[in-house]
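Residue numbers (our numbering): 3 to 70.
Here is the structure:
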């Protein structure tokens, strides 16, 4: 089962935006901006079942494989 996307329209006062805390010049953050995440999401969605336990997000799985 594909993971559900979280509704991130409203900010949270107690938890500031993570991207504001990170160094925008860090090499991994720059790499993440260049990766076509939507392409991977479109390609791998067909392998997810409609039933069963919710999976980890595709972006997480692809990102971990790139780091490996």
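The C-beta atom is built at its ideal place from N, Cα and C for all residues, glycine as well.
(message) Suppose you measure from the CA of residue 23 to the CA of residue 49; what does that come to, to the nearest Å?
(response) 34 Å
(message) For a quick check, are the C-beta atoms of residue 55 and residue 3 less than 8 Å apart?
(response) yes
(message) Given this structure, state the Cα-to-Cα distance separating residue 57 from residue 27, to the nearest angstrom.
(response) 31 Å
(message) Using C-beta distances below 7 Å, list every residue in its chain close to residue 46, excluding the 5 sequence neighbours before and after it, in chain order.
(response) 60
(message) Could you tell me the alpha carbon to alpha carbon distance between residue 19 and residue 31, rounded to whole angstroms?
(response) 14 Å
(message) With H, G and I counted as helix, E and B as strand and the rest as coil, what does DSSP make of residue 70?
(response) coil
(request) Using only alpha-carbon positions, find the residue among 67, 68, 53 that is nearest to residue 5. (result) 53
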